[in-house]
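Notes to accompany the following structure.
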Amino acid sequence: MLVLALDTATADLVVGLAEAQGSEVRVLAESVEATRAHNERLVPTVETTLAEAGRTFADIEAVVVGCGPGPFTGLRVGMSSASAFAQALGVPVHGVVTHDAAAELIDAPSALVVTDARRREVYWAYYADGRRVAGPAVCAPGAIAVGADEVDVLSVPKHLASQIEIPARETAYVVPRTAGLVRVADLHAEPAPLVPHYLRRPDAVEPKAVPRSPAIPDVHLP
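Counting from 1235, one number per residue, gives the positions in the sequence shown under the numbering used here.
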């Protein structure tokens, strides 16, 4: 099965093509680009990745997309594009937790996966023996509570590493790449509706009611 994998939940734009046969996943082509221009770069990157693999859109049999946690704008780009590709091609689209995809690439008894949520917060999820046992959640870097004194691997962007107070045997940043995205997707199950993991309320709020100024006279129409 040829799978198109997308993730726009982090500062990296991940686009890849993989052949999935049972539990085996073979990546044919992949692009991992640090960029803020996910919206402008996604479709051209998909086209380039297909060309590198010697495939066309018609060859795609399923789409997998990371559903966060991540910022609203980033998730919207990836998830809406994945849905559009799947609908146009008549293939299923499977949503996965972005942090699960990163954790899938970590070979360790326990792992803490952290990404930047901006506004002095982070998204995080904790894994033990290959299973997610806490999160995904959002909080200040110093408020992560995983119920462990130490983790084997801490995956965190470099600029946030010094802010995480939980000790780890190894610290590195693991990108949620194609292999991880495809492995955590249940490609043979009926796909569920895509649900974005925003984890916090949107910035926009309804304005508060403002009392009417006494300087404005009442107007009574006949």
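Virtual Cβ for every residue (Gly too), placed ideally from N, Cα, C.
Legend entry - Three-state secondary structure (DSSP) of His1431: Of the three classes helix, strand and coil, the one that applies to His1431 here is coil, per DSSP.
Legend entry - DSSP bridge partner residues for Tyr1361 (one or two, in chain order): In the DSSP output, where bridge partners are listed per residue, Tyr1361 has Ala1345, Arg1366.
Legend entry - C-alpha gap between Thr1283 and His1393, whole angstroms: Distance from the CA atom of Thr1283 to the CA atom of His1393, rounded to whole angstroms, is 29 Å.
Legend entry - Three or more C-beta pairs below 8 Å linking the segment 1244-1253 and the segment 1279-1295: Yes: the two stretches touch, three or more of their Cβ pairs being nearer than 8 Å.
Legend entry - Beta-carbon gap between Val1325 and Ala1296 smaller than 8 Å: The answer is yes: Cβ separation under 8 Å.
Legend entry - Cβ shell of Ala1359 (< 6 Å), same chain only, five flanking positions each side left out: Excluding sequence neighbours, Ala1359 sits near His1333, Val1347, Arg1366, Gly1369, Pro1370.
Inset, instruction - State yes or no: is the C-beta of Ala1318 within less than 8 Å of the C-beta of Val1299? - result: With respect to the 8 Å criterion, Ala1318 and Val1299 are not classified as neighbours on the basis of their beta carbons.
Legend entry - Host beta strand (DSSP E) of Val1261 (start-end): Val1261 -> beta strand (DSSP E) spans 1258-1268.
Legend entry - Member of Val1259, Thr1242, Gly1381, Glu1355 whose CA lies at the smallest distance from the CA of Leu1421: Comparing Cα positions, the closest option is Val1259.
Legend entry - 6 Å CB neighbourhood of Ala1345 in its chain, flanking five on each side removed: In its chain, beyond the 5 residues on either side, Ala1337, Tyr1361, Val1387 have a beta carbon closer than 6 Å to the beta carbon of Ala1345.
Inset, instruction - Note the first and the last residue of the continuous alpha helix (DSSP H) segment covering Asp1334. - result: Where Asp1334 is concerned, the enclosing alpha helix (DSSP H) stretches over 1332-1338.
Inset, instruction - Run the CB neighbour count on Gly1414, radius 10 Å, all protein chains shown included, and call it buried at 16 or more, exposed below. - result: Its Cβ being crowded by 16 or more others within 10 Å, Gly1414 is buried.
Inset, instruction - In the DSSP assignment, find the unbroken beta strand (DSSP E) run with Gln1255 in it and report its ends. - result: That run of the beta strand (DSSP E) goes 1246-1255.
Inset, instruction - Quick one: grab the DSSP three-state call for Ala1379. - result: In the structure shown, Ala1379 sits in coil (DSSP, three-state: anything other than H, G, I, E or B).
Legend entry - Three-state secondary structure (DSSP) of Ala1426: Ala1426 falls in the coil class under three-state DSSP.
Inset, instruction - Indicate whether Cys1373 and Glu1384 have their beta-carbon atoms separated by less than 8 Å. - result: At least 8 Å separates the beta-carbon of Cys1373 from that of Glu1384.
Inset, instruction - Spell out the partners DSSP gives Arg1403 in its beta bridges. - result: The partner list for Arg1403 (beta bridge, DSSP) is empty, contrary to what the question assumes.
Legend entry - Residue burial classification, Asp1437 (beta-carbon count within 10 angstroms, cutoff 16): With a pLDDT of 49 at Asp1437, under the threshold of 50, the predicted position of this residue should be treated as unreliable, though the coordinate-derived value follows. Under this definition Asp1437 is an exposed residue.
Legend entry - Proximity to Phe1291 [Cα-Cα], best of Ala1402, Ala1239, Ala1406, Arg1434: If we check each option's Cα against that of Phe1291, Ala1239 comes out closest.
Inset, instruction - Keeping to the same chain, check which residues put their C-beta closer than 6 Å to that of Gly1302; ignore five residues upstream and five downstream. - result: The residues Ala1243, Leu1309, Thr1332, Pro1430, His1431, in chain order, have a CB closer than 6 Å to that of Gly1302 in the same chain once the five nearest residues on each side in sequence are set aside.
Inset, instruction - Kindly list the residues whose CB is nearer than 6 Å to the CB of Val1416, restricted to its own chain and excluding five residues on each side of it in sequence; keep chain order. - result: Closer than 6 Å at the Cβ level, and outside the excluded window around Val1416, lie Val1237, Ala1239, Ala1252, Ala1254, Val1259, Val1298.
Inset, instruction - Assign Gly1312 to one of two classes, buried (16 or more other C-beta atoms within 10 Å of its C-beta) or exposed (fewer than that). - result: Around the CB of Gly1312, 16 or more other CB atoms lie within 10 Å, so the residue is classed as buried.
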